[in-house]
Amino acid sequence: MAENNIDQLDPKHFILVKGARVNNLKNLSVAIPRNKLVVITGLSGSGKSSLAFDTLFAEGQRKYVESLSSYARQFLGRMEKPEVDYIKGISPAVAIEQKVNTRNPRSTVGTTTEIYDYVKLLFARIGETISPVSGRVVTRDTVTTVVNAINALEEGTKFMIAAPLTIHEGRGLEEELNILLSKGFTRVLVKEEVQQIEEIDPKKIKAKDVEILIDRLSVNPSDEDANFRLSDSVQTAFFESNGSCHVHFRDQDTVRYSDKFELDGVVFEEPSVNLFSFNNPYGACRKCEGFGKVLGIDPDLVIADKNLSVFDHAIVPWRSETMKKWLKPLLDMAHEIDFPIYRPVKELTEEQIQLLWDGKGKFEGIHAFFGFIESQLHKIQYRVLLSRYRGKTSCPDCKGTRLRKDANYVKIGGQSISNLVLMPLDESLAFFQNVELNEYQAEVAKRILKEITNRLTYMKEVGLGYLTLNRLTSTLSGGEYQRIKLATSLGSALVGSMYILDEPSIGLHPRDTARLGKVLTTLRNLGNTVIVVEHEEEVMRRADQIIDIGPAAGIHGGELVFQGDWDAIHKEEKSLTARFLNGKDQIPVPKFRRPWRHSIALYGARENNLQELDVKIPLEVLTVVTGVSGSGKSTLIRKILYPALGKIFGVTGEETGKFSGLDGDYKMIQKLEMIDQNPLGRSSRSNPVTYVKAYDAIRALFAELPLAKQRGLKPAHFSFNVEGGRCETCQGEGQVKIEMQFMADLHLTCDECKGKRFKEEVLAITYKDKNISDILDMSIEESLDFFEDQKAIVSRLKPLNDVGLGYVKLGQSSNSLSGGEAQRVKLASFLGRGQAAQKEKILFIFDEPTTGLHFKDIEKLLKSINALVDQGNTAIIIEHNMEIIKSSDWIIDLGPDGGDKGGQICFEGTPEEMVKLENNYTADYLREKL
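Numbering of the sequence shown is given in full-length UniProt numbering, commencing with residue 1 and proceeding in unit increments.
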């Protein structure tokens with residue numbers, strides 16, 4: 001949109017941004033149509049996020065704060081305005097960013113999406129408590145239900161209302177009868193016979209046979225006085241007997257009512273929201289306190305290799321000479337009880353495995369063995385032995401559902417809440433859509449069910465139907481977590497808002513990206529402006545408008561290169577994005593695939609949805625693990641391979657997923673590195689230049705300058721991490737953090753040093769007319785030119801530029817880097833080690849390294865990863881990006897679908913072999929690229 005006519009546009013139809021100068025934006029003016037789906041694209045570091053988040057979202061938030069009362073505003077007053085001439089027509093903003101997920105051990109998919117809160121409410125309102133003894137519904141009688149039941153009988157029917165006699169502590173029967181007389185009661189029933197209290201001999205009768213006669217009445221529903229008297233009598237009966245009321249009819253059985261919540265002699269807990277909350281001591285399982293896991297004996301450590309039989313010492317603790325005696329009885333009696341001692345453990349039935357643990361006859365079993373060990377813990381060798389087999393195991397009481405047992409007596413449509421949280425979301429959605437309820441339940445549940453099915457539908461739409469509500473949030477991949485946040489936002493269904501999304505297609509297979517597109521259009525059709533920062537072709541194709549920022553990154557970006565629709569971008573010449581979309585530029589297919597001789601073999605992987613996989617992972621080549629979302633890629637590599645190898649190399653103590661064994665040439669590897677999207681450091685002071693160890697050389701250079709020597713300044717004075725040269729008001733951060741109770745924390749520029757981080761005396765030292773603060777403000781690309789004569793500094797910074805991070809500032813806080821950028825800084829730190837790293841053979845695991853990358857940047861990334869592999873290292877990449885897949889040496893494809901329908905190996909081989917496959921989702925998309 002030309003700059004001069006932006007002033008003439010109507011802010012009712014457009015969000016107008018004029019003269020944006022945030023970060024590297026160069027006086028950018030743009031008109032974004034409202035209530036449309038708009039994709040902002042461009043190279044990494046071209047200014048997409050600066051426009052979307054630091055300009056549009058920041059202004060949306062600031063406008064919201066301005067709408068608050070002056071009292072609330074005094075706490076938030078100084079929200080800085082984005083550097084821009086004006087922004088008009090902006091709506092309330094919701095941002096869904098790629099933040100790495102929570103590590104809270106109590107956070108589940110259900111609690112994060114708020115679905116579980118509604119399910120709890122549903123069970124508390126309409127759940128029926130079913131007695132485990134008789135299978136009947138437990139109810140509590142009230143005065144109203146008793147009166148209604150009696151009035152439903154034939155008019156004129158005579159009956160008596162009585163209450164069983166309660167003997168209070170410290171009193172006898174005679175005393176109780178005298179108290180009844182003093183209360184005004186004159187008659188009782190003894191074995192259902194009416195008798196005067198004064199005529200009874202208490203010594204000749206038993207207290208349990210006595211009932212207090214409250215009233216004698218006949219059924220008369222139309223008489224108001226009779227109804228009032230009946231209600232009064234029922235209430236008296238409940239009061240006198242601590243909750244029981246007996247109605248006696250002539251020639252019929254006595255009907256017993258209770259206002260306690262009990263049946264079959266068991267008093268049940270009444271359904272309440274807290275009963276179903278595992279984050280509340282009232283509802284949490286007593287044994288595991290709502291965590292679902294306890295420290296116990298880990299079955300996978302006791303029987304480590306499931307390919308062995310009992311005879312071949314599958315039970316690890318019984319391999320030693322002293323402990324063999326525990327196994328001998330089983331070997332002796334195996335033929336009597338028909339137990340297959342020569343069959344591999346993985347082929348045994350559930351009952352046979354249970355027998356190993358529980359024992360039978362003279363064979364005492366594994367549980368008894370560990371019981372014996374625990375009784376001997378005063379001896380050190382037994383303590384050591386026990387510690388070898390201890391691990392986090394599923395809680396035996398709640399089977400990992402985290403709730404107290406009696407919460408599962410409450411059911412809706414025959415299902416308990418535990419059954420529902422363990423179902424895949426697809427199945428639970430079908431359950432809630434088709435659940436049969438009576439009229440009363442349907443009325444109460446109408447609104448709650450709508451909220452639940454809405455949210456579950458969106459979870460399915462964003463391709464997460466294979467998750468369960470009980471799945472821990474900390475076990476999700478970055479892409480899954482972001483899509484959960486997206487589904488949660490959709491579930492709350494705001495209208496007239498501006499949604500800003502940061503690459504929602506991360507972690508999505510091309511097949512699922514199409515479904516994501518539908519979700520984004522749904523969000524737009526509700527009446528929202530949806531702005532998506534994205535590189536995915538499929539999302540651009542669906543957009544009403546594409547805005548391309550560029551032409552390149554960092555100082556060479558920040559301009560509006562193109563604005564228009566999908567058809568128009570194909571005719572564009574200047575835009576790098578357009579050149580890749582219309583095929584003028586492309587990433588070349590490798591001329592040959594590296595052959596391999598050595599590999600690591602992994603057997604019997606069965607964590608989450610993996611179905612007993614056996615897989616070979618080649619060494620010294622580039623392997624890509626792919627498959628649709630939820631097929632088990634992250635589980636196989638991050639949850640099994642990495643912790644299993646990590647324990648051998650002593651680099652991680654993470655819990656290993658279930659698998660049978662590890663074999664092959666893993667001893668060829670000397671080191672293991674996981675390059676994922678977790679933040680670089682916990683501290684806000686961590687930044688790229690310190691991470692790649694380039695800052696040490698820069699500080700040494702400044703400390704050597706004549707003025708610095710004269711003033712006695714050491715390298716430490718140029719550090720913002722230690723006292724000395726840094727500004728103490730902000731402790732070298734350049735910003736002061738203000739914690740907001742109910743909103744995101746505010747970061748404001750420090751008043752003392754004006755964001756420069758250092759004291760005046762340190763800032764006075766300059767190299768080539770730039771002080772240390774100016775250096776930290778430079779981009780990596782600029783600094784390479786600036787320090788061209790300083791070999792030590794350049795060698796450390798160049799790899800950052802090589803992986804496509806030339807636009808990042810040297811002193812930029814690691815907190816502000818996206819997941820993909822953090823990952824590439826880690827990669828650069830390895831490339832920077834050069835010769836030293838070549839001596840060690842390293843196995844690198846990359847988790848979706850193309851996150852946040854433009855086609856042009858993927859080209860650079862591939863060069864960097866190939867450089868590592870050419871040094872003799874191994875790279876395993878979990879990835880959906882077709883450019884990376886077509887450039888790999890070996891592909892392992894999991895599937896065929898997500899969740900229960902996944903977890904199998906669909907293909908192992910080269911890209912050329914893969915494209916010959918029929919009915920394979922990955923092969924279908926790969927064909928277009930080869």
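Ideal placement from N, C-alpha and C gives every residue a C-beta, glycine not left out.
Because the structure is a prediction, the values reported are computed rather than measured.
- Contact holds between the stretch 459-479 and the stretch 503-522, because three or more Cβ pairs, one in each stretch, are under 8 Å apart.
- Under the DSSP definition of a beta bridge, Lys-737 partners with His-747.
- Per DSSP, Ile-772 is one residue of the alpha helix (DSSP H) stretching across 772-777.
- Contact holds between the stretch 296-307 and the stretch 380-394, because three or more Cβ pairs, one in each stretch, are under 8 Å apart.
- Here Arg-383 has Leu-377 as same chain residues with Cβ atoms under 7 Å from its own Cβ, once five neighbours each way along the sequence are excluded.
- DSSP places Pro-281 outside both helix and strand once states are collapsed to three, so it counts as coil.
- For Gly-491, the CB contacts under 6 Å within the same chain, skipping 5 residues up- and downstream, are Asn-454, Arg-455, Tyr-458 in chain order.
- Beta bridge pairing from DSSP links Ile-842 with Lys-671.
- Minimum Cα-Cα distance from Ile-212 among the listed residues Leu-230, Thr-111, Val-247, Lys-759 corresponds to Val-247.
- Annotation for Met-498: the continuous beta strand (DSSP E) segment containing it runs 498-502.
- Beyond the five residues adjoining it in sequence on each side, Gly-902 comes within less than 8 Å, by CB distance, of Tyr-466, Asn-609, Gly-627, Val-628, Gly-630, Ser-631, Gly-632, Leu-894, Gly-895, Pro-896 in the same chain, given in chain order.
- The straight-line gap separating the alpha-carbon atoms of Arg-286 and Val-651 is approximately 34 Å.
- The Cβ-Cβ distance between Leu-831 and Ser-864 falls below 8 Å.
- The three-state reading of DSSP puts Ala-716 in helix, counting H, G and I together.
- Classified as buried, Leu-520 has 16 or more neighbouring CB atoms from the shown chains inside 10 Å of its CB.
- Look at Trp-596 here: in three-state DSSP terms it is coil, with no helix or strand label.
- Residue Leu-217 holds the alpha-carbon nearest to the alpha-carbon of Phe-249 among Gly-734, Ile-892, Ser-258, Leu-217.
- Of Ile-547, His-854, Gln-812, Ala-867, the smallest CA-CA separation from Leu-827 is found for Ala-867.
- Contact between Ile-793 and Ile-878 is absent: CB atoms are separated by about 34 Å, not below the 8 Å threshold.
- In the DSSP annotation of this structure, the continuous segment of the alpha helix (DSSP H) that includes Thr-145 starts and ends at 143-151.
- Two segments are said to touch when three or more pairs of C-beta atoms, one from each, lie closer than 8 Å; by this definition the stretch 586-598 does not touch the stretch 568-576.
- If the five residues before and after Trp-318 are omitted, its C-beta is found closer than 8 Å to the C-beta atoms of Lys-324, Trp-326, Leu-327, Phe-369, all from its own chain and listed in chain order.
- For Tyr-86, the enclosing beta strand (DSSP E) has its first and last residue at 86-88.
- Beta-bridge annotation (DSSP): Val-194 is paired with Leu-189.
- In this structure, Leu-800 keeps its C-beta atom at 8 Å or more from the C-beta atom of Val-869.
- Contact annotation, Leu-403 with Ile-412: C-beta distance approximately 15 Å; criterion of less than 8 Å not satisfied.
- Among the bridge pairs identified by DSSP, Ala-162 is matched with Leu-213, His-246.
- Contact between Thr-874 and Ile-669 is confirmed by a C-beta separation of about 7 Å, below the 8 Å threshold.
- Rounded to whole angstroms, the gap between the alpha carbons of Gln-611 and Phe-363 is 32 Å.
- Ala-605 sits close to Leu-636, with the two beta carbons spaced by under 8 Å.
- One alpha carbon belongs to Ala-52, the other to Asp-769, and they sit about 34 Å apart.
- For Phe-53, there is no enclosing alpha helix (DSSP H), as DSSP marks it with neither H nor E.
- In the displayed model, Ser-418 falls within a helix according to three-state DSSP.
- Residue range 14-20 is occupied by the beta strand (DSSP E) that includes Ala-20.
- Taking a 10 Å sphere around the C-beta of Asp-426, we find 16 or more other C-beta atoms and assign the residue as buried.
- The beta carbon of Arg-103 lies closer than 7 Å to those of Ser-474 in the same chain, with the five residues before and after it left out.
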